[in-house]
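In the order they appear, the protein sequences are chains X and F.
Be aware that the first sequence starts at 0, since it is given in numbering that gives the first Met the number 0, and climbs by one per residue.
Be aware that the second sequence starts at 0, since it is given in numbering that gives the first Met the number 0, and climbs by one per residue.
Below is one structure; the comments refer to it alone.
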Amino acid sequence: MKAKKQKTYQEKPNLPSLVSPWLAAVLSAVIPGLGQALARAIKRGIIIFASVVSLVGLLIWRFQGAAPRDTGVIDIVLKAFKLQSIFIVIALFFALMYIWNIIDAYQVAKAAGKPESRKPFLVFFLIIMVFFLIGWQIGRIDLYGFVTQFDDSFPILSQILWPWEKAITYPTEEIIGIAKLESPCTDSPPQPEPKDDKPYLVVEPTCGFPTIDEVGKNEETGDWERVITQGTEIHVEGFNFDPGKEIEIWWRDSAGRPYVHRDLETGTNLKVIPDEDGYFETDLIWPFQIGDTVRTNVEGVAEWELQGKQISKVGAWEFSEELELVLILLIETIFIGMMATFFGVILSVPVSFLAARNLMNANAFMLGIYYAIRFILNVIRSIEPLIWAIMAIIIVGLGPFAGILALTVHSIAALGKLYSEAIESIDPGPIEAVQATGANWFQIVMYGVVPQIIPPFVSFTIYRWDINIRMSTIIGIVGGGGIGYILVQWIRTWKYQEAGIAVWLIAVTVAILDYVSAEIRERFV
Amino acid sequence: MIEIRNLTKIYEDGTLALDNVSFSVPDGEFLIVIGLSGSGKSTLLRCINRLIDPTEGEIIWNGVDLAKLEGDDLRRARRKIGMVFQHFNLVERSTVMINTLSGRLGYSQTWPALLHRFSKQDKEKAWRTLERMGIEDQAHKLARELSGGQQQRVGISRALMQDPELMLADEPVASLDPVLAHSILQHLEDLNQEDELTIICSLHYLDLVQRYATSVIGLREGKLVYQGTKKDIQMMTDEEFKNIYGEEAVRISDTSLEGSVGGVLEL
Chain X
0 MKAKKQKTYQ EKPNLPSLVS PWLAAVLSAV IPGLGQALAR AIKRGIIIFA SVVSLVGLLI
60 WRFQGAAPRD TGVIDIVLKA FKLQSIFIVI ALFFALMYIW NIIDAYQVAK AAGKPESRKP
120 FLVFFLIIMV FFLIGWQIGR IDLYGFVTQF DDSFPILSQI LWPWEKAITY PTEEIIGIAK
180 LESPCTDSPP QPEPKDDKPY LVVEPTCGFP TIDEVGKNEE TGDWERVITQ GTEIHVEGFN
240 FDPGKEIEIW WRDSAGRPYV HRDLETGTNL KVIPDEDGYF ETDLIWPFQI GDTVRTNVEG
300 VAEWELQGKQ ISKVGAWEFS EELELVLILL IETIFIGMMA TFFGVILSVP VSFLAARNLM
360 NANAFMLGIY YAIRFILNVI RSIEPLIWAI MAIIIVGLGP FAGILALTVH SIAALGKLYS
420 EAIESIDPGP IEAVQATGAN WFQIVMYGVV PQIIPPFVSF TIYRWDINIR MSTIIGIVGG
480 GGIGYILVQW IRTWKYQEAG IAVWLIAVTV AILDYVSAEI RERFV
Chain F
0 MIEIRNLTKI YEDGTLALDN VSFSVPDGEF LIVIGLSGSG KSTLLRCINR LIDPTEGEII
60 WNGVDLAKLE GDDLRRARRK IGMVFQHFNL VERSTVMINT LSGRLGYSQT WPALLHRFSK
120 QDKEKAWRTL ERMGIEDQAH KLARELSGGQ QQRVGISRAL MQDPELMLAD EPVASLDPVL
180 AHSILQHLED LNQEDELTII CSLHYLDLVQ RYATSVIGLR EGKLVYQGTK KDIQMMTDEE
240 FKNIYGEEAV RISDTSLEGS VGGVLEL
């Protein structure tokens with residue numbers, strides 16, 4: 000190595016201000032920062048000027064937005080003050096900042112030219128303060144609402160935080176007992192069909208009319224109005240039901256449409272509980288048909304059916320469908336992340352050699368390739384995987400393959416950069432030493448280069464795997480496969496417990512993989 | 000006998016690192032090269048085993064001009080020239096054993112060596128060499144886990160695996176403290192005296208030069224400015240010394256040799 004020439008760093012000469020302190024103050028009052036700039040604090044002047052200009056722009060925008068449809072500066076400002084008191088604070092700080100800018104110009108001009116004079120910084124603090132307050136207003140930050148609404152949202156949050164009721168189910172069995180009815184009555188109405196051990200219903204009478212809901216003419220007033228003609232009152236007896244267990248009463252109308260029996264007055268579903276012999280009795284009114292289609296048999300008779308339904312849990316608990324779905328999708332998610340990492344590694348290794356400066360500085364052409372690849376990698380990396388997923392979906396359609404493509408593209412860019420930096424930082428010493436032993440090119444690479452790049456490559460790969468698993472859990476939000484899709488579906492349909500199961504299992508999976516990858520990395524590096 | 004004739008090296012950026020240097024080293028010599036940083040010591044050593052290609056001149060060794068060798072011939076010549084480095088240049092994440100065995104690569108077949116397969120004889124040789132250097136119990140540690148002095152012994156072991164006839168040492172003790180410096184140089188002296196290995200070594204510390212050299216050359220700005228025997232260097236005057244190290248050089252050590260611990264040239 001050559002002995003380095005001692006560079007002499009001269010202190011920047013402390014030039015005196017071009018203007019007097021008072022003039023500087025006046026200039027800054029007209030154009031903020033001008034006084035400072037002329038007092039030879041040019042950068043300070045530019046920063047202050049740029050800050051004030053952008054603040055004024057922001058203020059105009061926010062004030063107008065807060066007081067729409069008002070005209071006149073004063074009206075707008077007053078209305079904004081009235082509607083959101085934070086505008087008063089913003090205006091106060093802005094004024095303070097503006098005044099301090101004038102004082103600052105005076106101080107800077109006075110201190111200019113004097114050695115060891117420390118420049119005041121309060122003006123910058125005030126500028127940052129105004130930006131902060133505008134940010135508060137733009138962000139509609141509402142700590143009061145955050146605290147008060149937190150209570151209201153607690154029932155939903157608790158569903159997400161403790162969703163395990165939905166994680167298990169019991170197999171159920173429907174016990175149904177039926178009776179047939181006919182409308183209108185014929186010579187041979189349907190007869191009860193008693194059974195020995197199975198549940199059945201007996202109705203009295205077995206024929207009649209359903210309730211009719213129609214618009215008719217009131218004879219007295221002559222107005223058209225809604226007329227409800229009450230259907231036949233029916234006495235229902237049930238036999239052989241499961242004692243003590245709730246029975247729901249259902250109808251199948253003439254068109255075979257099932258619906259639960261509602262009490263017309265209370266609007267509640269009719270539920271009865273059988274006694275210890277499995278017997279119950281109740282009275283109800285034949286409800287109206289849902290829809291207009293009345294199906295009749297060849298004799299012009301509509302056939303109805305009354306059902307008593309009991310749902311009973313049979314057998315041991317089992318995992319719910321939702322939990323199974325979450326588990327299946329989690330596996331898919333992990334594999335999306337894994338495959339993306341796999342493809343990313345395979346493709347980024349060659350790319351990383353082209354993006355390593357110490358390998359690509361042989362001539363201008365190679366250096367050109369280096370810069371081109373670096374540029375492309377930077378562009379790809381700056382686009383989020385979610386956006387890549389949307390583009391991939393356009394090509395290959397919804398599903399895990401789109402997610403894999405998106406994460407692969409992003410992985411190539413990210414790993415290409417990390418790998419190439421690992422290659423750039425290898426120590427040339429061992430290469431030289433292995434070369435000196437008379438080794439050939441392959442041996443030099445294997446003994447001098449590879450041992451140096453393997454550990455960082457492994458480390459970066461696992462790190463990327465980690466990121467890819469995490470990303471793959473949300474890539475489904477846009478349709479890229481994995482668990483994200485169903486998670487968003489559940490949240491949008493207010494199925495918070497199901498969503499909670501997904502959130503929990505994602506968290507657990509990511510935490511486990513996080514731990515595993517940290518362990519592996521520690522072993523290698 | 001190694002003979003350097005009119006060796007010149009001009010780097011691509013135009014730096015003249017070696018300027019028409021000629022000297023010869025009889026077999027069995029412990030030649031020490033002194034000079035400022037940037038005087039061309041490292042370039043000279045690297046020209047001999049062609050880690051750097053000289054611009055002009057000849058390096059005649061055993062009747063062959065090393066400067067003209069290419070490909071396999073060059074690799075065959077290199078494997079007879081061991082080299083140790085200032086910063087040891089071990090692969091820090093490989094084991095001591097692998098680092099040592101890598102000295103044998105010039106003799107190995109390519110493909111088995113890529114899979115870290117070495118012959119039984121090579122492995123035995125590696126054990127013997129590590130034993131000789133006193134670090135056989137470190138064999139399975141990673142190189143980076145060793146202290147500086149131990150790492151340099153691995154460096155020497157690697158060079159010895161080559162069955163060298165010539166040993167180049169580029170400031171082998173500059174990264175070590177004085178006590179370790181002596182211990183490393185004593186290893187080299189052993190090799191020089193017992194194995195009759197020719198050693199060309201660059202050094203910074205004057206008392207080490209006076210203690211170990213059997214002959215000395217001095218470089219300044221790429222030119223050979225001093226050539227002397229062991230006797231000459233011990234009687235070196237400040238005039239000669241400044242001629243090599245430049246006017247700003249200060250000799251802070253006591254010029255009497257006995258018991259001088261420092262003897263470091265403050266440059």
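Heads up, the beta-carbon is just placed ideally off N, CA and C, and yes, glycines get one too.
Just so it is clear, the structure is predicted and the values come from calculations on it, not from any experiment.
With a threshold of 16 other CB atoms inside 10 Å of the CB of residue 161 of chain X, please say whether the residue is buried or exposed. By one-based count along the first sequence, residue 161 of chain X stands at place 162. Classification for residue 161 of chain X: exposed.
Beta-carbon separation of residue 379 of chain X and residue 353 of chain X under 8 angstroms? Along the first sequence, one-based indexing puts residue 379 of chain X at 380. Along the first sequence, one-based indexing puts residue 353 of chain X at 354. Not closer than 8 angstroms, so no.
Going along chain X in order, which residues have a C-beta closer than 7 angstroms to the C-beta of residue 93 of chain F? Reading the second sequence from its first residue, position 94 is the one you call residue 93 of chain F. What residue 93 of chain F touches in chain X: 450.
Excluding five sequence neighbours on each side, which residues of the same chain lie with their C-beta closer than 6 angstroms to the C-beta of residue 264 of chain F? Looking up residue 264 of chain F in the second sequence gives position 265. Because the pLDDT at residue 264 of chain F is just 45, under 50, the model does not fix this residue reliably, and the point stays unresolved.
Determine, using beta carbons only, whether residue 74 of chain F comes closer than 8 angstroms to chain X. The count along the second sequence starts at 1 and reaches residue 74 of chain F at position 75. It does: the Cβ of residue 74 of chain F has a partner Cβ on chain X nearer than 8 angstroms.
Can you confirm whether residue 365 of chain X, when its beta carbon is compared against all beta carbons of chain F, has any partner nearer than 8 angstroms? Within the first sequence, the letter at position 366 stands for residue 365 of chain X. False, the Cβ-Cβ gap to chain F never drops below 8 angstroms.
With residue 160 of chain X as the anchor, note down where its alpha helix (DSSP H) starts and where it stops. As a first step, residue 160 of chain X must be located in the first sequence, where it is residue number 161. Residue 160 of chain X -> alpha helix (DSSP H) spans 153-160.
Buried versus exposed, by CB contacts within 10 Å (16 or more), residue 124 of chain X: If you number the first sequence from 1, residue 124 of chain X lands on position 125. That one is exposed.
Cβ-Cβ distance between residue 411 of chain X and residue 314 of chain X below 8 angstroms: For this step, residue 411 of chain X is matched to residue 412 along the first sequence. For this step, residue 314 of chain X is matched to residue 315 along the first sequence. Against a cut-off of 8 angstroms, the Cβ pair of residue 314 of chain X and residue 411 of chain X comes out as no contact.
Quick one, are the C-beta atoms of residue 98 of chain F and residue 153 of chain F less than 8 angstroms apart? As a first step, residue 98 of chain F must be located in the second sequence, where it is residue number 99. As a first step, residue 153 of chain F must be located in the second sequence, where it is residue number 154. For residue 98 of chain F and residue 153 of chain F, yes; Cβs fall inside 8 angstroms.
Take residue 161 of chain F and list the residues in its own chain whose beta-carbon comes closer than 6 angstroms to its own, dropping the five residues that flank it on each side. Against the second sequence, residue 161 of chain F aligns to sequence position 162. The residues are 78, 81, 102.
Quick test of your reading: residue 165 of chain X and residue 500 of chain X, contact by CB under 8 angstroms. State the CB separation rounded to the nearest angstrom. Taking the first residue of the first sequence as 1, we reach residue 165 of chain X at position 166. Taking the first residue of the first sequence as 1, we reach residue 500 of chain X at position 501. That pair is a contact at about 6 angstroms.
Could you tell me whether the Cβ atoms of residue 480 of chain X and residue 472 of chain X are closer together than 8 angstroms? Here the question's residue 480 of chain X lines up with position 481 in the first sequence. Here the question's residue 472 of chain X lines up with position 473 in the first sequence. For residue 480 of chain X and residue 472 of chain X, no; Cβs fall outside 8 angstroms.
Could you tell me if residue 16 of chain F is buried or exposed, where buried requires 16 or more neighbouring beta carbons within 10 angstroms of its beta carbon? The count along the second sequence starts at 1 and reaches residue 16 of chain F at position 17. That one is buried.
Could you check how far apart the C-beta atoms of residue 20 of chain F and residue 44 of chain F are, in whole angstroms? I think they sit under 8 angstroms. As a position in the second sequence, residue 20 of chain F is number 21, starting the count at 1. As a position in the second sequence, residue 44 of chain F is number 45, starting the count at 1. Actually they do not touch by this definition, with Cβ atoms about 12 angstroms apart.
Please confirm if residue 112 of chain F has its CB atom under 8 angstroms from at least one CB of chain X. Taking the first residue of the second sequence as position 1, residue 112 of chain F is located at position 113. Yes, because at least one Cβ of chain X sits closer than 8 angstroms to the Cβ of residue 112 of chain F.
Which residues, in chain order, does the region 150-167 of chain X contribute to contact with chain F at a C-beta distance below 9 angstroms? none
Candidates X:201, X:213, X:185, of which the one nearest residue 191 of chain X by Cα: Here residue 191 of chain X is taken as the residue at index 192 of the first sequence, counted from 1. Closest option to residue 191 of chain X, Cα to Cα, is X:201.
Cβ of residue 548 of chain X less than 8 angstroms from any chain F Cβ? Past the boundaries of the shown model lies residue 548 of chain X; chain X is included only from 0 to 524, so the question cannot be answered.
Go to residue 257 of chain X, then tell me how far its alpha helix (DSSP H) extends in each direction, as first and last residue. As a working mapping, residue 257 of chain X is identified with position 258 in the first sequence. Per DSSP, residue 257 of chain X belongs to no alpha helix (DSSP H); it is in the beta strand (DSSP E), 257-259.
Just the Cα atoms here: how many angstroms apart are residue 277 of chain X and residue 485 of chain X? Here residue 277 of chain X is taken as the residue at index 278 of the first sequence, counted from 1. Here residue 485 of chain X is taken as the residue at index 486 of the first sequence, counted from 1. Each residue's Cα considered, the two are about 43 angstroms apart.
What residues of chain C sit near residue 423 of chain X, judged by a beta carbon separation below 8 angstroms? Checking the listed chains, one finds no chain C in this structure; the protein chains it contains are X and F.
Could you name the residues that DSSP lists as bridge partners for residue 64 of chain F? In the second sequence, the residue the question calls residue 64 of chain F occupies position 65. Bridge partners of residue 64 of chain F: F:59.
Using the rule of at least 16 other Cβ atoms within 10 Å of the residue's Cβ for burial, across every protein chain shown, is residue 108 of chain F buried or exposed? Position 109 of the second sequence, counting from 1, holds the residue named residue 108 of chain F. Counting Cβ neighbours within 10 Å, residue 108 of chain F comes out exposed, since fewer than 16 surround it.
Could you name each continuous beta strand (DSSP E) segment of 3 residues or more that falls completely within the region 224-305 of chain X, going from the start of the chain to the end? 232-238, 246-251, 257-259, 279-284
Verify the CB distance criterion: does residue 117 of chain F have a CB-CB separation below 8 angstroms to chain X? Stepping through the second sequence from its first residue, residue 117 of chain F is reached at position 118. Residue 117 of chain F does not count as touching chain X.
Quick check on residue 209 of chain X: buried or exposed, where buried means 16 or more other Cβ atoms within 10 Å of its Cβ? Residue 209 of chain X sits at position 210 when you count from the first residue of the first sequence. So residue 209 of chain X counts as buried.
Within chain X, the residues that residue 48 of chain F reaches when beta carbons sit closer than 8 angstroms: Translated into positions along the second sequence, residue 48 of chain F becomes position 49. Result: 435.
Measuring alpha carbon to alpha carbon, tell me which residue in X:211, X:228, X:355 is nearest residue 290 of chain X. Here residue 290 of chain X is taken as the residue at index 291 of the first sequence, counted from 1. Ranking the options by Cα distance to residue 290 of chain X, first place goes to X:211.
With C-beta atoms as the reference, is residue 244 of chain F less than 8 angstroms away from residue 35 of chain F? Residue numbering aside, residue 244 of chain F sits at position 245 when the second sequence is read from its first letter. Residue numbering aside, residue 35 of chain F sits at position 36 when the second sequence is read from its first letter. Yes.
Range covered by the alpha helix (DSSP H) that runs through residue 119 of chain F: Position 120 of the second sequence, counted from the first residue, corresponds to residue 119 of chain F. Looking at the DSSP string, the run of the alpha helix (DSSP H) that includes residue 119 of chain F is 119-131.
Check the Cβ of residue 84 of chain F against every Cβ in chain X and list those closer than 7 angstroms, keeping chain order. Counted from its first residue, the second sequence places residue 84 of chain F at position 85. Within 7 angstroms Cβ-Cβ: 428, 432.
Residue range of the alpha helix (DSSP H) that residue 405 of chain X falls in? As a first step, residue 405 of chain X must be located in the first sequence, where it is residue number 406. First-last of the alpha helix (DSSP H) with residue 405 of chain X: 399-423.
Chain X beta carbons: is any one of them nearer than 8 angstroms to that of residue 264 of chain F? For the purposes of this step, residue 264 of chain F is taken as the residue at position 265 of the second sequence. With a pLDDT of 45 at residue 264 of chain F, under the threshold of 50, the modelled position of that residue is not reliable, and the figure given next carries that caveat. So no, residue 264 of chain F is outside the interface.
Comparing the C-beta of residue 446 of chain X with each C-beta of chain F, is any distance below 8 angstroms? In the first sequence, counting from the first residue as 1, residue 446 of chain X sits at position 447. Judged by the 8 angstroms Cβ criterion, residue 446 of chain X is in contact with chain F.
Is there a C-beta anywhere in chain F that falls below 8 angstroms from the one on residue 439 of chain X? Locating residue 439 of chain X in the first sequence gives position 440, where the first residue counts as 1. Yes, because at least one Cβ of chain F sits closer than 8 angstroms to the Cβ of residue 439 of chain X.
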